[in-house]
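J.:
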């Protein structure tokens with residue numbers, strides 16, 4: 707999933723012309739020095755970790771405030787959130803068949819809806835609107851974190 711996300715970010719950057727000081731394709735070490743893909747992999751990892759941490763923090767806080775009959779282990783929530791992220795695979799055909807921003811947004815909405823559904827299944831006594839707010843806010847925080855790191859990286863380049 708991280709490689710799919712990193713490749714999608716790389717294609718998006720190249721479509722927008724964010725290429726600065728790239729090595730020439732005829733260079734022997736061209737593929738070994740594709741630093742943009744490595745950095746986008748790092749961004750995808752950070753975004754996923756931030757998303758999971760925000761959801762876990764909300765779960766822990768609400769569990770302390772409002773004890774319920776849901777005796778759930780934290781690894782079950784992490785596993786559910788990670789499995790519901792498999793919708794990111796849907797963006798790869800869109801990138802391969804012609805990059806379109808609408809497909810990327812539809813894929814992100816699908817992943818967000820899958821995360822909400824996974825959270826609702828794992829915590830059935832919680833209101834659906836609360837699950838949606840937690841998941842959407844975690845995705846907003848994760849993408850904001852990724853954008854900030856990308857802007858810092860671009861400023862350093």
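Numbering (my numbering), first residue to last: 707 to 863.
All residues carry an ideal CB built from backbone N, CA and C; glycine is no exception.
Report the option in 828, 857, 763, 719 whose CA atom is closest to the CA atom of residue 742.
T.: 719
J.: Just how far apart, CA to CA, sit residue 813 and residue 759?
T.: 22 Å
J.: Measure from the alpha carbon of residue 794 to the alpha carbon of each residue in 818, 826, 744, 842, then state which is nearest.
T.: Closest by alpha carbon: 818.
J.: Which of the three DSSP states is assigned to residue 806 in this structure?
T.: coil
J.: Could you tell me which uninterrupted alpha helix (DSSP H) segments, each at least 4 residues in length, are contained entirely in the stretch 736 to 793, listed from first to last along the chain?
T.: Whole alpha helix (DSSP H) segments, 4+ residues: 741 to 771, 780 to 790.
J.: Would you mind giving the Cβ-Cβ distance between residue 753 and residue 861, rounded to the nearest angstrom? I have them listed as a contact below 8 Å.
T.: So it is not a contact: roughly 19 Å between Cβ atoms.
J.: If you follow the alpha helix (DSSP H) that residue 857 is part of, which residue opens it and which one closes it?
T.: 834 to 862
J.: Here's a check: name, in chain order, each residue in its chain whose Cβ is nearer than 6 Å to the Cβ of residue 771, leaving out the five neighbours to either side.
T.: In its own chain, leaving out the 5 sequence neighbours on each side, no residue places its CB closer than 6 Å to the CB of residue 771.
J.: Give the single residue among 748, 804, 762, 785 whose Cα lies nearest to the Cα of residue 859.
T.: Here the closest residue by C-alpha is 748.
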